[in-house]
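Before any comments, here is the structure.
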Amino acid sequence: MNENKNEKQKAEPEPEPEAQAQEMSPVLCIGMGLFIVFTAVIALMLAAPFEASGVKAFQNPESVWNPIYFVILIIGFTAFILAVLRFGGQKLVHFVMLGAVAVTIYYVLAVLTVPYAYIAITGTIALTLLLYKYPEWYVLDATGLIIAGGAAAIFGISLVPKLIVLLMIILAVYDAIAVYKTKHMVSLAESVVDLRIPVLFVLPRKRNFSLLRGKGHDKGKSEMEEAFFMGLGDAIIPTMLVVSANRMAAFTYYRGLINAPALGALIGTLAGYAVLSRIAGRGKPHAGLPFLNSGAIIGFLVGYFAFI
0 MNENKNEKQK AEPEPEPEAQ AQEMSPVLCI GMGLFIVFTA VIALMLAAPF
50 EASGVKAFQN PESVWNPIYF VILIIGFTAF ILAVLRFGGQ KLVHFVMLGA
100 VAVTIYYVLA VLTVPYAYIA ITGTIALTLL LYKYPEWYVL DATGLIIAGG
150 AAAIFGISLV PKLIVLLMII LAVYDAIAVY KTKHMVSLAE SVVDLRIPVL
200 FVLPRKRNFS LLRGKGHDKG KSEMEEAFFM GLGDAIIPTM LVVSANRMAA
250 FTYYRGLINA PALGALIGTL AGYAVLSRIA GRGKPHAGLP FLNSGAIIGF
300 LVGYFAFI
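Just so you know, the sequence shown maps onto residues 0 to 307 in numbering that gives the first Met the number 0.
Below you can see the structure in the form of structure tokens.
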């Protein structure tokens with residue numbers, strides 16, 4: 000009996016070092032957390048210029064229909080992308096999404112370079128061409144921050160906090176269903192990685208990792224296993240609450256920059272991310288919004304009721 004047991008133990012393969020490497024290192028954890036912080040900082044800086052320029056997603060921030068329109072837009076756009084990809088329309092999806100990215104970049108540059116419109120146009124063309132010709136992971140990350148900050152600012156000033164909280168709850172449920180039940184969000188993420196467009200933040204697990212040259216890939220492993228990815232939406236959605244909460248003039252602004260509910264939402268987002276990072280990065284996709292949105296909402300409520 001003992002001999003059989005020993006033979007069985009010897010037959011079982013030992014955990015490979017690479018399998019252990021799939022655990023997310025503290026550096027990766029902090030790096031992705033910084034993307035959330037930078038997104039919030041950029042969005043807060045852009046909120047006032049966007050509002051002054053009249054750039055909004057919805058003209059009436061208090062309309063209860065706005066979250067419904069938002070969810071329909073997300074589900075509809077996701078369904079469109081998946082349907083086109085299923086029929087081999089990768090190039091069409093690539094150009095559609097690249098066009099959406101270019102529009103967002105233009106809005107950001109336009110409000111920052113008023114009244115010099117030619118700078119915004121030139122900058123948008125240059126960045127779009129760079130994304131098309133050289134979509135390396137650090138190029139995607141840099142432009143992704145511009146897009147995430149701009150989108151969070153636009154939607155943050157377009158919705159009041161209570162509607163954003165409602166929207167975040169709906170999207171958290173949708174994200175969980177899309178990742179764990181239907182798994183269509185996992186399929187979309189894998190397809191988007193192949194398209195090389197800035198809708199994901201990318202942090203390599205190895206220094207020589209490259210999206211373009213295939214460096215850093217072990218034989219038999221995909222890019223999803225050789226780098227850590229986080230969707231821009233995981234940074235944008237919670238930051239929308241940060242921006243919207245920061246417009247509540249009833250609260251004191253710390254150093255004239257951020258008030259208690261907004262700061263609470265940001266800290267709560269990072270707390271939710273810390274929990275998420277404990278289970279993420281092991282080769283299995285996880286829904287981020289249930290953790291991030293829950294943390295942001297709790298942090299917002301704490302900041303609101305503690306300092307009202």
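Beta carbons: idealized from backbone N, C-alpha and C, even for Gly. The structure displayed is predicted, hence computed values, not measured ones.
Locate the beta strand (DSSP E) running through Gly230, then write down its first and last residues.
Ala226 to Gly230
Val164: first and last residue of the uninterrupted alpha helix (DSSP H) it sits in
Pro160 to Ala175
Between Phe154 and the rest of its own chain, which residues show a CB-CB distance below 6 Å, the 5 nearest in sequence each way excluded?
Here the set comprises Ala56 and Met239.
Starting from Ile257, follow its DSSP beta bridges and name the residues at the other end.
Tyr253
Cut-off 7 Å between Cβ atoms - residues of its own chain near Lys218, not counting five sequence neighbours on either side
The predicted model places Lys218 with a pLDDT of 45, which falls under 50 and marks its position as unreliable, so this point remains unresolved.
Check whether the Cβ atoms of Val198 and Leu170 sit closer than 7 Å, and answer yes or no.
no
How many angstroms separate the CA atom of Val138 from the CA atom of Ile145?
11 Å
Between Leu147 and the rest of its own chain, which residues show a CB-CB distance below 6 Å, the 5 nearest in sequence each way excluded?
The sequence given here has Ala at residue 147, not Leu. Cβ neighbours of Ala147 beyond the five flanking positions: Thr38, Leu231, Ala234 and Ile235.
Continuous alpha helix (DSSP H) stretch holding Leu97: start and end
Gln89 to Leu111
C-alpha distance - Ala270 paired with Gly294, whole-angstrom precision:
Near 6 Å, if we compare the C-alpha coordinates of Gly294 and Ala270.
Within this structure, are the beta carbons of Glu189 and Phe208 separated by less than 7 Å?
Cβ distance not < 7 Å, so Glu189 and Phe208 don't count as in contact.
Contact check, Leu291 vs Pro237 under 8 Å by CB: the rounded distance?
With a Cβ gap of about 5 Å, Leu291 and Pro237 count as contacting.
Reduced DSSP secondary structure (H/G/I, E/B, other) of Leu126
helix
Grouping DSSP H, G and I as helix and E and B as strand, with all else coil, what is Val26?
Looking at Val26 - three-state DSSP - the assignment turns out to be helix.
If I follow the unbroken alpha helix (DSSP H) through Val54, where does it start and stop?
First-last for Val54: undefined, no H or E at that position.
Less than 6 Å separating the Cβ of Phe306 from some heavy atom of the ligand PLP?
In the structure shown, the ligand PLP is absent, as is every other ligand, since no ligand is present at all.
Cβ pair Ala46, Val242 closer than 7 Å:
Note that the C-beta distance between Ala46 and Val242 is below 7 Å.
Alpha carbon to alpha carbon, how far is Thr251 from Leu128?
43 Å
Quick one: measure Cβ to Cβ for Trp136 and Val201, integer angstroms, because I've assumed they're closer than 8 Å.
4 Å
Spatial distance of Ala42 from Tyr106 (CA atoms):
Taking the straight line joining both Cα atoms gives about 13 Å.
Do you know offhand how far Ile74's Cα is from Met184's?
11 Å
Can you give me the C-alpha to C-alpha distance between Gly255 and Leu262, rounded to a whole angstrom?
12 Å
Assigned exposure category for Ser276 - 16 Cβ within 10 Å defines buried:
By the neighbour-count rule (16 or more Cβ atoms within 10 Å), Ser276 is buried.
Rounded to whole angstroms, what's the CA-CA distance from Ala286 to Met229? Just pull it up for me.
Near 10 Å, if we compare the C-alpha coordinates of Met229 and Ala286.
With DSSP as the reference, identify every bridge partner of Pro197, one or two as the case may be.
Bridge partners of Pro197: none, in fact.
Coil, strand or helix - Leu211 by DSSP
coil
I need the boundaries of the alpha helix (DSSP H) containing Gly287, first residue and last residue.
Where Gly287 is concerned, there is no enclosing alpha helix (DSSP H), given that its DSSP letter is neither H nor E.
Nearest candidate by alpha-carbon position, reference Leu27, set Lys205, Ile297 and Leu211:
It is Lys205.
Could you give the first and the last residue of the continuous alpha helix (DSSP H) run that contains Tyr68?
Trp64 to Arg85
Could you give the distance in angstroms between the alpha-carbon of Val95 and the alpha-carbon of Phe306?
45 Å
Beta-bridge pairing of Leu202 - partner residues as DSSP gives them:
Phe227
Just to check my reading of the structure: Gln54 and Val110 have Cβ atoms closer than 8 Å, yes? What is that Cβ distance to the nearest angstrom?
According to the sequence as given, residue 54 is Val; it is not Gln. Indeed, because the Cβ distance is near 6 Å, the residues count as touching under 8 Å.
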